[in-house]
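Step one of this worksheet: look at the structure below.
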């Protein structure tokens, strides 16, 4: 392993490590634009200059591999002077319109100018003009004048998705990013180019001009869009509620996890959060009164649920859990089944349309916690259970999240089951056709409104954190189940999601020894899970 | 200036481009001789000759050949750089048009030296006639069994980008990509065209090789200076009585070239400045022309031999206007890959144009000098350093001319 010295500190790094990464291990940031650890090295921006003893002039760190005995300096006057020059060159033709640029606040031109630039601009001539506000595809829009031609987006489409939509056209200072003729930037991962664009050239059509980034708050989370469980950040706008049409969740951004999603997430996941602030959210418990669903208080709703469960023999009750529920919810549900002796419990309902899958991140199973539901032993036969409802053997049915009328089973059969039951309880976040056939509708908190964990397809248990409080009267499923258990006289002390996770770790061997603390930010595999299959998506081949 | 002509010896024959004419003047005898030599012996002979690359960089040819790994398992390529694009340079087009078999013979010998199986000839897109003549010569050589027996030649036409004359930009273009220079190392000799070891040689450089094989490296070396052997073809243009190409030993002085060969200065007859090695070479004043034209002689004089494109300016030429033309060229031809070159070549052109148009500002000249000095050496290829040469030298040597245009 090469041992070198960076800014006077010795460091040992694996062979093949470049100087940017080697410095990073010491907490030293070498500013750069075109370099990205997931992409090929092109050395185009020329910003990452460092001095290497014995070299005649500053050298780019991205293309220099650490070597034994190398002595590297990253903050010498010569390096800083070169850096300032390169920064000035980057801004020669860049519009100085930060106040109206949506990237302001998270722009690496701004950041590095303030940190290393601070020169007075000398460019007094007309800047080069290029196309502005050009939609490249469904999600991404280009401002070619703000582009610094780092080519990260081009390399992403060439090397990660292999779709090759983008190129750099023309020459010299008329060079610009663009689409090849007849193409659109419409691959399943197009939003990632916005993340890796260091400047305001590529912005998100869904997000731009909605809210200034400095008003955003962030919570670590997990994408609920499929069994991959991409690590994400949820960016929410609570400080300027009048922005973004009152929507609290402004955007989702991928969060690095080498074992799961690397730096990326798919567009379906990225733009799939709209339901959270949708007008059709359920914001109060509803109970059927004189044929219509009417809002009731939680006390009344819980009492009715408990009464319905108590009124029927255990074999007359069925629970259809959901692989969209967190491990904590499922643990509370399992406790309920155990408490009442309910044996008809399942979670697997086929989707209306089979899920798509690819070799990068996207999994066919569009549920974030199928593995968790399996490990909790909730994998009963839902079709048989619903047949029992239709046959009148099961009289009380509690369905979590599944919109049975729009699933992969015949709607008529589903309707028959829902209409045959004496009591249908439906838990969900948003109004769905199935809710219309329920006697009790319980508003569940969305995943961004609560804490919890999902177990991904690899068996990795990953935490997600509340970014905003639940809308209206909505509550996490675990909290609702806790209330119902208490109403049924069960000795339950849980007041936080974490308490149910502790119960899970105690009850289910696969989870033994796991805790919120041990899961950390990147999660842990359950016992018996093999190490992540293949290399993480997007890691360099 | 006297001296034997090697490269241009057949130029006066109207049929010089044919195989018959080439054979009649001793063509392909060097190839016959080289076939009796080991690759290592050929390289040693070329090293001894002090032949240096005549495309512009002046790198010792034999040394470049010796960088190719001997035990490479896959194909090895020879690439001929016939993308002659350096402003003021027009020698290779004559070689391709009038002595294409000399290029082919040089390629055959070079290919044997580096064990290349294929030679790519990258011809500048605008060179239509040279391309036709060269294609015809390749067909003749193939029909005569000179090519196609272990070495084949593929002719590729460029599309008119100056940067495709930079050897790794050329390779990118040859590979079907945008003509962007590549990061080095690896150098082409180790990993070049299509990922294989590749030697890129200029047309004129290769034309010298048969002479070196026939008459020996020591003889060739003796024609030149201590560090550079042989003759080369000077393209002389601008304000001279007889513009054109002149072959002369590299030890000729710039003064001899202008006054003895090209017939002296026209215009008002008084020399103001000379660019000695193509547009990228720093300009020399009239009092700086007693310098030998070899690589090291011009380097010592603060300029460079480059591609031996000699551009002569008399006293009526406006240096700021000349710089504007040069700056426009570099702004137009920058490939746009590296930030310093992409952004500043356009900027410098705008500043110089503004000065020429009478709207200059006091600080403009120092801005250009500062930008040039700070940007030099920060890019992937030598293109920007080639632009910096004229930026700095034109302004430093003729600053008063620029200042005279700037309103007080």
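Residue numbers (the numbering used here), protein chains in the order written: chain E, 1 to 541; chain U, 1001 to 1408. Note that CB positions come from ideal geometry on N, CA and C, so glycine has one too.
Identify the contact partners of residue 1375 of chain U in chain E, using a Cβ-Cβ distance below 8 Å as the criterion. 85 and 89
Between residue 63 of chain E and chain U, is there a C-beta pair that is closer than 8 Å? yes
Report the neighbours of residue 206 of chain E on chain U: residues whose CB is nearer than 9 Å to its CB, in chain order. Within chain U, no residue comes near residue 206 of chain E; the closest Cβ sits about 30 Å away, beyond 9 Å.
For residue 325 of chain E and residue 498 of chain E, the rounded distance between their alpha carbons: 15 Å
Label residue 264 of chain E either buried or exposed according to how many other C-beta atoms from any shown protein chain fall within 10 Å of its C-beta, with 16 as the threshold for buried. buried
Shortest alpha-carbon distance to residue 124 of chain E belongs to which of U:1161, U:1400, U:1362 and U:1198? U:1362
Which value, in whole angstroms, describes the spacing of the CA atoms of residue 1309 of chain U and residue 1245 of chain U? 9 Å
How many Å lie between residue 1355 of chain U and residue 1303 of chain U at the Cα? 25 Å
Is the segment 1375-1392 of chain U touching the segment 1275-1283 of chain U in the sense that three or more CB pairs, one from each, lie closer than 8 Å? yes
Spatial neighbours of residue 1306 of chain U within its chain, please: C-beta separation below 7 Å, excluding the five flanking residues on both sides. 1056, 1086, 1277, 1278, 1280 and 1281
Considering only C-alpha positions, which residue in the set U:1204, U:1213, U:1174 and U:1201 is nearest to residue 1195 of chain U? U:1174
How far does the beta strand (DSSP E) with residue 49 of chain E in it extend, from its first residue to its last? 49-52
Length of the line joining the Cα atoms of residue 365 of chain E and residue 430 of chain E: 21 Å
Can you grab the Cα-Cα spacing for the pair residue 1219 of chain U / residue 1003 of chain U, in whole Å? 13 Å
Residue 1258 of chain U and residue 1247 of chain U closer than 8 Å at C-beta: no
Distance between residue 1095 of chain U and residue 1025 of chain U (C-alpha atoms, nearest Å): 15 Å
When E:109, E:361, E:279 and E:60 are compared against residue 1378 of chain U, the one with the closest alpha-carbon: E:60
Does DSSP put residue 60 of chain E in a helix, a strand or coil? strand
In the DSSP assignment, the alpha helix (DSSP H) including residue 1217 of chain U goes from what residue to what residue? 1217-1222
Using a cut-off of 7 Å between C-beta atoms, extract the partners of residue 1337 of chain U located in chain E. 44
For residue 219 of chain E, which beta-bridge partners are listed by DSSP? E:234
Presumed contact (8 Å Cβ cut-off) between residue 467 of chain E and residue 234 of chain E, rounded CB distance: 4 Å
Can you name the residues that DSSP bridges to residue 1082 of chain U? U:1123
Going by beta carbon distance, what residues of the same chain come within less than 7 Å of residue 133 of chain E, once the five residues before and after it are set aside? 141 and 143
Which runs of the alpha helix (DSSP H) spanning at least 4 residues fall entirely within the segment 235-272 of chain E, listed in chain order? 267-270
Taking 7 Å as the limit between beta carbons, can you name the residues of its chain near residue 58 of chain E, skipping five residues before and five after? 49, 50, 51, 78, 79 and 82
Name the one or two DSSP bridge partners that residue 288 of chain E has. E:293
Secondary structure, alpha helix (DSSP H): runs of 4+ residues fully inside the segment 74-122 of chain E: 77-91 and 108-112
Here's the rule I'm using: 16 or more other beta-carbon atoms within 10 Å means buried, otherwise exposed. How should residue 536 of chain E be labelled? The predicted position of residue 536 of chain E is uncertain, since its pLDDT is 49 and thus under 50; a value taken from the coordinates is nonetheless stated next. Looking at its Cβ environment, which holds 16 or more other Cβ atoms inside 10 Å, residue 536 of chain E is buried.
Contact check, residue 204 of chain E vs residue 251 of chain E, beta carbons under 8 Å: yes
Separation of residue 1261 of chain U from residue 1106 of chain U, as counted between CA atoms: 27 Å
Neighbouring residues, chain E, relative to residue 1331 of chain U (Cβ below 8 Å): 172 and 173
Give the interface partners of residue 93 of chain E over in chain U, defined as CB-CB distance under 7 Å, in chain order. 1343
Measure the alpha-carbon distance for residue 461 of chain E versus residue 1120 of chain U and round it to whole angstroms. 57 Å
My understanding is that residue 188 of chain E touches residue 358 of chain E, with C-beta atoms under 8 Å, so please give their C-beta distance in whole angstroms. 7 Å
Here's the rule I'm using: 16 or more other beta-carbon atoms within 10 Å means buried, otherwise exposed. How should residue 1293 of chain U be labelled? buried
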